[in-house]
Every structure is written in C-alpha cells, then in structure tokens.
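Notes for the one structure printed next.
Protein chains: 2
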Amino acid sequence: MRSVAVIGIGKTAFGAFPDRDLRSLAVEAITHALNDANVSPPAVQAFYLGNFAGPSFVGQNHLAPYIGSAAGFETIPCTRVEDACASSGSAFFHGWQSVAAGIYDIVVVGGVEKMTSQTTPRVTEILAGAGDMSGEGRAGATFPALFAMIAQRHMYQYGTTREQLAAVAVKNHANGAKNPQAHMRKVITLEQALAGRPISEPLTVYDCSLISDGAAAAVLVPLDQASRYTSRHVRVLSVAQTSDHVALDTKADITCFPAVESAGQKAYEHAGLGPRDIEVAELHDCFTIAEIVASEDLGFVEKGKGGPFAAEGCSAITGPLPINTSGGLKSKGHPVGATGVGQICDITMQLRGDAGERQVRHHRIGLAQNLGGSGATCVVTILAAA
Amino acid sequence: MRSVAVIGIGKTAFGAFPDRDLRSLAVEAITHALNDANVSPPAVQAFYLGNFAGPSFVGQNHLAPYIGSAAGFETIPCTRVEDACASSGSAFFHGWQSVAAGIYDIVVVGGVEKMTSQTTPRVTEILAGAGDMSGEGRAGATFPALFAMIAQRHMYQYGTTREQLAAVAVKNHANGAKNPQAHMRKVITLEQALAGRPISEPLTVYDCSLISDGAAAAVLVPLDQASRYTSRHVRVLSVAQTSDHVALDTKADITCFPAVESAGQKAYEHAGLGPRDIEVAELHDCFTIAEIVASEDLGFVEKGKGGPFAAEGCSAITGPLPINTSGGLKSKGHPVGATGVGQICDITMQLRGDAGERQVRHHRIGLAQNLGGSGATCVVTILAAA
Numbered sequence: 051m052r053s054v055a056v057i058g059i060g061k062t063a064f065g066a067f068p069d070r071d072l073r074s075l076a077v078e079a080i081t082h083a084l085n086d087a088n089v090s091p092p093a094v095q096a097f098y099l100g101n102f103a104g105p106s107f108v109g110q111n112h113l114a115p116y117i118g119s120a121a122g123f124e125t126i127p128c129t130r131v132e133d134a135c136a137s138s139g140s141a142f143f144h145g146w147q148s149v150a151a152g153i154y155d156i157v158v159v160g161g162v163e164k165m166t167s168q169t170t171p172r173v174t175e176i177l178a179g180a181g182d183m184s185g186e187g188r189a190g191a192t193f194p195a196l197f198a199m200i201a202q203r204h205m206y207q208y209g210t211t212r213e214q215l216a217a218v219a220v221k222n223h224a225n226g227a228k229n230p231q232a233h234m235r236k237v238i239t240l241e242q243a244l245a246g247r248p249i250s251e252p253l254t255v256y257d258c259s260l261i262s263d264g265a266a267a268a269v270l271v272p273l274d275q276a277s278r279y280t281s282r283h284v285r286v287l288s289v290a291q292t293s294d295h296v297a298l299d300t301k302a303d304i305t306c307f308p309a310v311e312s313a314g315q316k317a318y319e320h321a322g323l324g325p326r327d328i329e330v331a332e333l334h335d336c337f338t339i340a341e342i343v344a345s346e347d348l349g350f351v352e353k354g355k356g357g358p359f360a361a362e363g364c365s366a367i368t369g370p371l372p373i374n375t376s377g378g379l380k381s382k383g384h385p386v387g388a389t390g391v392g393q394i395c396d397i398t399m400q401l402r403g404d405a406g407e408r409q410v411r412h413h414r415i416g417l418a419q420n421l422g423g424s425g426a427t428c429v430v431t432i433l434a435a436a
Numbered sequence: 051m052r053s054v055a056v057i058g059i060g061k062t063a064f065g066a067f068p069d070r071d072l073r074s075l076a077v078e079a080i081t082h083a084l085n086d087a088n089v090s091p092p093a094v095q096a097f098y099l100g101n102f103a104g105p106s107f108v109g110q111n112h113l114a115p116y117i118g119s120a121a122g123f124e125t126i127p128c129t130r131v132e133d134a135c136a137s138s139g140s141a142f143f144h145g146w147q148s149v150a151a152g153i154y155d156i157v158v159v160g161g162v163e164k165m166t167s168q169t170t171p172r173v174t175e176i177l178a179g180a181g182d183m184s185g186e187g188r189a190g191a192t193f194p195a196l197f198a199m200i201a202q203r204h205m206y207q208y209g210t211t212r213e214q215l216a217a218v219a220v221k222n223h224a225n226g227a228k229n230p231q232a233h234m235r236k237v238i239t240l241e242q243a244l245a246g247r248p249i250s251e252p253l254t255v256y257d258c259s260l261i262s263d264g265a266a267a268a269v270l271v272p273l274d275q276a277s278r279y280t281s282r283h284v285r286v287l288s289v290a291q292t293s294d295h296v297a298l299d300t301k302a303d304i305t306c307f308p309a310v311e312s313a314g315q316k317a318y319e320h321a322g323l324g325p326r327d328i329e330v331a332e333l334h335d336c337f338t339i340a341e342i343v344a345s346e347d348l349g350f351v352e353k354g355k356g357g358p359f360a361a362e363g364c365s366a367i368t369g370p371l372p373i374n375t376s377g378g379l380k381s382k383g384h385p386v387g388a389t390g391v392g393q394i395c396d397i398t399m400q401l402r403g404d405a406g407e408r409q410v411r412h413h414r415i416g417l418a419q420n421l422g423g424s425g426a427t428c429v430v431t432i433l434a435a436a
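So the sequence lines, in the order shown, correspond to chains A and B.
Going by the numbering used here, the first residue of the first sequence is number 51, and it counts up by one from there.
Going by the numbering used here, the first residue of the second sequence is number 51, and it counts up by one from there.
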C-alpha cells in the first residue's frame, strides 16, 4: 500500500441555507478543495460522495454523477456511498484505499447533506432510518431516545453526571463560536446547558447536535506525488472502517461501541501509534454522550472516565487533548453526509496551523472519528502534518 | 492488478413478495452465494451492497451493516453503494477493484430492492429521483417519458419501428418464461406487445420493465485462490464504471449513451477483446429501446441497426449473439438495486453451463451492462468461463 496525502480541502459554511440547493453546496466545497490542491476537474480519476438521505430530504437520488458532472469531472467513476452519519467517512475510507492500493493517482472525496428544508419531526423520522426500523423505529425510539438510553446507562454504570454531559456542550459551543464556518456561533454557560429544553431524559436540546445544510471535500494523491501540487499537504497515516449490528438492543453493553473500539485499534495499528500520540481530535458528538463514549472507546481515557475528562477541561483547546476544536456536530453543525469529510478538513486545518484562534499548540498528529447510527458503522482516520 | 474470480452466486426469485422484507431477501441471496462458494460468513473481508432507494421504498437506511450483520459478517467494512439502477453494478466494480488491487482476498457484493410495497405512482416518483429533479422531475418527465423521447428520436433518426421495439419485448418474455426465477413468466406475441396499454408514446406497457422485489449476490476472490474454494468459478476479465450528466437535455444526441460507449471501450480494452468476442450478454433493458441502444453503444451492431438486429432474431437464445437470456429487466424483473449483480449471476450461470433450457451454445465469454438513470452511470463487466 502506498502512503497517501490530502493535498486540498474545501468546506461550505454549515448552517440553514434556504436559498441553496444540495448540488450547489457540494460543488462549492469540491471547487474549494480543487483550488486548494491546484488540481483541475478533468484531472480527477474517481469521485466518492458521502450522502445519507438526499432522496428523502430533497427528492434527488443518483447524486454522485449529478454532482460530479456539475463539478467538471469527465466520464470517471462517480459513486455515492451511504453509511448513515458515517457516509462521507466511509467515502474517505474508499477514496484513500483506492489511492493507497495504486488504483488511482487523483481522487476527490466529498460529502453533502441538505436537511433544513424539512420539518424537525420529518428530519427525525428520516434520521431514524439509520437505526433498525423494524424494531427501534417501530417502537418510536428515534436517535435522541437511543442516545438518552446510552447516557442513562453510562450514568448508572460509571457515575457520569448531567453536568459532565453539559460540559461537553459548553466546550463545543465555545469552540464553535470561534469558527466562522460554524452553524451556531453561540457561547453557552453550564447553567444554560443544564436548563435546556428537555429532549429525552437526561438529554436537553443542548446535548443534541444540529440539523444543518453543508458540504465538504478533500483531494487525495499518493504521498510521493503531493509536492507536485502543493507544499501544504498532510499525510494520511491510516483509515479504518468497521461495522456492527444496527439495533442497539443487540449490544451486550450499550456504554461502548465495539465498532469504534475496533476501528480505533486498526487505525492505531496501521499508523504505528497509540491513543497517547494523538494531539487533536474531532469526535462524532451527535450527542454529548457520544463524545464521552468515543473518548473512552478510542483509549484517550479509561472506560467510564470520559465525563470527568471533559468536565475537567482536558479536551478544551488549551487542554492536553483538544477535542472538537471546530465546535463539533454540536455547534459547527451536522449536515449528516458532510460530517465525516468535514472532520477531516478540520483536522487538516489544525495540522497545517490554519485554525486561527482555535489553533492548538501541538499539531503534528490528529484523529477524526465518524459514527454511523448507534454504532453500526465507524470510520477512524489518523492524519499527520507533512 | 490481480485477476479476479467469481466463486459463488446467489439470487432470490424476482417478483412481488408482500410477506418478505428487504433484509431477508438480501440475506437469502448472500447465503446462497456463500454456500455456492464454500465460504463461511466470518471469512468475508468486505461487503459492498448496491441499493437504490431502500429509505424511500421501505423507510430503512444504513443498509450495509443492517444486512451484513444479519448475514454473519463480523466487524468488516460494510458499504452501501448507490448509483441509481446501476447501484449493484457499481458495487461489483468496487468489490472487483478491491480484490484486483490486493486490498482483500474475499469480498461479497450484493444488491437488493423491495419496491412492491409502494403504489406504482409512488414507485415512479421515487425512480424519477435517478433523473434531474430540478429539471426533468419538475417538468413531470418520469423515466417512461424520457425513454419514450429516446425511442421517438431513434425512430426518426434511424427508422427504428414500433415492431422492432416490440420484438425485444417478445424475445425477453419468451426467455423469462423459461426462467424459474423470473417475475413474469408469460410468453407474448408481437400483436400483444403492439396492442399493450400505452404508457408514453411510442412505449406500451410491454416496452417497460417490471417493478419487483429481489436480491442477488456474488463472492469474489483472487483468481489464483479460486480453486481452494470451488472448481466452478468464472473469471472476471474486466469491469468498467463511467459517468455522464444526469439530465437528458444536456446530451448532444439522445440516441446514444456516451457512458455506455466509454464503459464498453474500457472493458473491452482491459479484457483485450472486442464486441465480436462476446458470446452472450445481459443488457439493461429498463425499456425495450434501451436494449436496442445498448446493443449499438457496445458495438454489437452498427449505430441505428439495433432494431433490425432484434427483429431478425439475432439476439434470441438461438441467434448469433443471445441477449437477455434471463428474460431481462423486462420479464425477469427489475428490483433496481439487485439488477447489476443479478445480471452477473445470470452470465455466470451461462458460462458455467447451468442455464438449463435457456443455455446458449457458445458460452466462453459473456458481458453484463448495467445502466443508471438515462445514462449518467454505466457499468460493463466481461466474464469468462474458467
């Protein structure tokens, strides 16, 4: 396998954009990434697009050539990848694999979602399709309910508190407030987070990520060709995609996600690194409890210690392991299909030293973790400064 | 790139199965394929699933781990691929590529769709999402209308007749009547086909493929490992996936599909073969005109001669180049996401000599062509007897 580099990244702002359609968002992100990489569209050899539910959100399917042709790609394989909220993490995995294996020399990976044209109940229903509709869905267990159960059990088993959950929200809102591309740039206090409108006990509205529109893209080439294009590339040390059962009730212990543990292990092993080598991370905080669980499953802290870790400021921008300096899904926004590649763009910015007032002090090695459903898909990517 | 073999195939019957859910269909096909290949589920290293619109048809998304975990796959990357009606052709392309490039040694590729639980108008609306909803869709141009325009223009430009279109339907119904797994096992006469209920001038109901439920799967390994599993493998000589604009009105000439031409050229070139070497083919006859156009775009006949070719019996089972001996999408059925891998299963049966009363005389080399939308995606696969 060849070493691979990210030579360009592009993101739209995440937010509610009633005047923008899905395709124009995706093409904007791709065009930014191609310009950043100094690559022209006809040079691209394959296009992998992550999208969760374009047909349900906006009625448009067959999205890969629909977007690829508008971005100027010619005749190449254009493939949409769907793995729930890990759709573009998975697209990145496949794009990386295809360059690493020597199939292609220039690949574009993108992700897009346009969610805000639907009502919140309809969005919740569409998102429920990432769970098991024959069981969970039929029982009315939407994702806030599923992650509320995870939080309840984590509190029972490890003594995690509502204050610790709220601390994740406070941190991610503080980070997002400094991110010009974030959906909700609003600093909140612990008291506000705790007093948020109840969604599903113990989660309040401040424990839940946002419903957003947005797109992200990245350009991949073999590492030994990166300098032909740019001096600002980052290295992809490893990408691992894993799977598990979709229904939460099939899991022996709902306070951890085996797919996250195994994706982390594989990614660390392939990179020749361990959790202590990671200097900055974007974790999939679809709910505050998800960031806590991921920080444990990836070995950043001992099992059950994710709550105190967040509450003590260890994952703040100034802490020993900054997590979600972008604001995370919580504050930056969560246009589902764009999230995985969006995280990789955010880590790339940190590794390049481009994160402005959110810039972390140590930024040689970063990790992005993208989760699908309640843990049935996970993609972990480890990147390093050039 | 390594040579790759198909060591196992599995298909459900195609039809309307109100008592079966999408997952059980997919698992049935995968289990058949694994048994055929003498492979146990935990040995599988990656799973690629083609599905067009499970979320819209049955409300279930995140289908790759949903189905993969039920099939017994453990922790491996499970990825859903969507490229409209070429979804599982594309899944096969990516599965093949990953084995050819040395990433995996055992891959399962599947395809599934469950369509008949929706009304025909709703199915037509969901299928329209494979076209450009901002233009064609807004104008009410569903797929029968788009292919009717293609047919009209082909008739105007090349003198193709309604009788020639109907001849494709008569042939494919005759073939499907002999296929125990076909959706509609009904022989029709030319008179019946011509007198069919009008759908979109000049297409009658007999020019249109069926709305079906069904699934198909195949197991891929490196050719030099195939004999460990079976003596009944077939060789994958090449797979090519290409793309084009989605909207029909962006095409200079709607009587041909550039994506089909280029996928054919690439597949022939990679295989070191030409159209005259193909002995049996499954073409994407979503409408009768589509089979005619594909037979031209793939170089089986000169441009404009596809109609006479069919009408003269050249593509009958006993003709010089049998096309759609399975009955095609027209009579075997068209569970959209299953169609691409289903075609590959059908060609594999012919190459193995397993096609019973539909068996063609010469069966060393076969081709499958899977089309997405009105030509924005095409996958061409060339297979050879071991």
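Here a beta-carbon is modelled for each residue, glycine too, at the ideal position from N, C-alpha and C.
Open item on the list: Please classify Ser140/A as buried or exposed, where buried requires at least 16 neighbouring CB atoms within 10 angstroms.
Closed with: buried
Open item on the list: With a threshold of 9 Å between beta-carbons, can Phe142/A be considered close to chain B, or not?
Closed with: no
Open item on the list: Give me the subset of the region 249 to 283 of chain A whose CB atoms are less than 7 Å from a CB atom of chain B, sorted by chain position.
Closed with: none
Task: Secondary structure, beta strand (DSSP E): runs of 3+ residues fully inside the region 300 to 339 of chain B - done: 330 to 332
Task: Endpoints, the beta strand (DSSP E) within which Gln419/A is located - done: 415 to 422
Open item on the list: Taking CB distances under 9 Å as the criterion, tell me whether Glu132/A reaches chain B.
Closed with: yes
Task: Thr398/A, DSSP secondary structure in three states - done: helix
- [ ] Mind listing the chain B neighbours of Gly161/A? Cutoff is C-beta to C-beta under 8 Å, in chain order.
- [x] Per Cβ cutoff of 8 Å: no residues; Gly161/A is ~14 Å from chain B at best.
Open item on the list: Mapping the DSSP letters down to three states, classify Glu163/B as helix, strand or coil.
Closed with: strand
TODO: Could you work out which residues of chain A lie near Cys306/B, taking near to mean beta carbons separated by less than 7 Å?
DONE: The contacting residues do not exist; Cys306/B stays about 14 Å from chain A at best.
Task: the region 318 to 333 of chain B contacting the region 424 to 432 of chain B, beta-carbon criterion three pairs below 8 Å - done: Flag = yes, the region 318 to 333 of chain B and the region 424 to 432 of chain B touch.
Open item on the list: Quick check on Ile342/A: does DSSP put it in helix, strand or coil?
Closed with: helix
Task: Reference Met183/A, options Asn111/B, Val157/B, Ile342/B, closest by Cα - done: Asn111/B
TODO: Measure the C-alpha to C-alpha separation of Asp263/A and Trp146/A and round it to an integer number of angstroms.
DONE: 25 Å
Open item on the list: Please tell me whether, using a cut-off of 8 Å, the distance from the CB of Ala360/B to the nearest non-hydrogen atom of the ligand MG is below it.
Closed with: As presented, the structure is devoid of all ligands, the ligand MG included, so that no description of it is given.
- [ ] Quick one: give me the first and last residue of the beta strand (DSSP E) that Gly58/B is part of.
- [x] 54 to 61
- [ ] Check Arg188/B in the structure and name its three-state DSSP category.
- [x] Assigned with DSSP and collapsed to three states, Arg188/B falls in coil, not helix or strand.
Task: Whole runs of the alpha helix (DSSP H) within the region 349 to 397 of chain A, excluding any shorter than 4 residues - done: 356 to 361, 378 to 381
- [ ] Could you tell me whether any Cβ in chain B is nearer than 9 Å to the Cβ of Pro105/A?
- [x] yes
Task: Stretch-stretch touch, CB-based, cutoff 8 Å, three pairs: the region 371 to 387 of chain A with the region 101 to 109 of chain A - done: Yes, they touch.
Task: Thr440/B to Val158/A span [Cα, whole Å] - done: A question about residue 440/B goes unanswered here, because the residues of chain B that appear run from 51 up to 436.
Open item on the list: Distance check for Ile117/B and Ala150/B, CA to CA, integer angstroms please.
Closed with: 25 Å
TODO: Determine, using beta carbons only, whether Cys128/B comes closer than 9 Å to chain A.
DONE: yes
Open item on the list: Can you look up Gly145/B in the DSSP assignment and give me helix, strand or coil?
Closed with: Correct three-state label for Gly145/B: helix.
Task: Residue nearest to Glu205/A in terms of C-alpha spacing, selected from Thr338/A, His413/A, Gly65/A - done: The sequence shown places Met at residue 205/A, not Glu. The candidate whose alpha carbon is nearest that of Met205/A is Thr338/A.
Open item on the list: If you measure between the beta carbons of Gly211/A and Gly357/A, is that distance less than 9 Å?
Closed with: It is worth fixing the name first, because residue 211/A is Thr in this sequence and not Gly. Yes, they are a contact pair.
TODO: Note down, in chain order, each residue of its chain lying with its Cβ closer than 6 Å to the Cβ of Cys395/B, except the 5 sequence neighbours on either side.
DONE: Ile59, Lys61, Ala266
- [ ] Drop a sphere of 10 angstroms on the beta-carbon of Ser259/B, count the other beta-carbons inside from all chains shown, and report buried for 16 or more, exposed for fewer.
- [x] buried
- [ ] Measure the C-alpha to C-alpha separation of Gln419/A and Lys221/B and round it to an integer number of angstroms.
- [x] 53 Å
- [ ] Return yes when the Cβ of Ala227/A is within less than 9 Å of the Cβ of Lys236/A, no when it is not.
- [x] In contact: Lys236/A and Ala227/A (Cβ atoms closer than 9 Å).
Task: Euclidean distance between Cα positions of Ser74/B and Ala297/A - done: 16 Å
Open item on the list: Just list the residues that DSSP pairs Gly65/B with in beta bridges.
Closed with: Asp263/B
Open item on the list: Output needed in chain order: residues of the region 303 to 336 of chain B with a Cβ under 8 Å from some Cβ in chain A.
Closed with: Pro308, Ala309, Ser312
Task: Complete alpha helix (DSSP H) runs within the region 104 to 148 of chain A (minimum length 4 residues, chain order) - done: Complete alpha helix (DSSP H) runs here, min 4: 104 to 108, 113 to 120.
TODO: Can you tell me which of the three DSSP states Phe197/A falls into?
DONE: helix
Task: Residue from Val289/A, His82/A, Pro372/A, Arg411/A whose Cα sits closest to the Cα of Gly314/A - done: Val289/A
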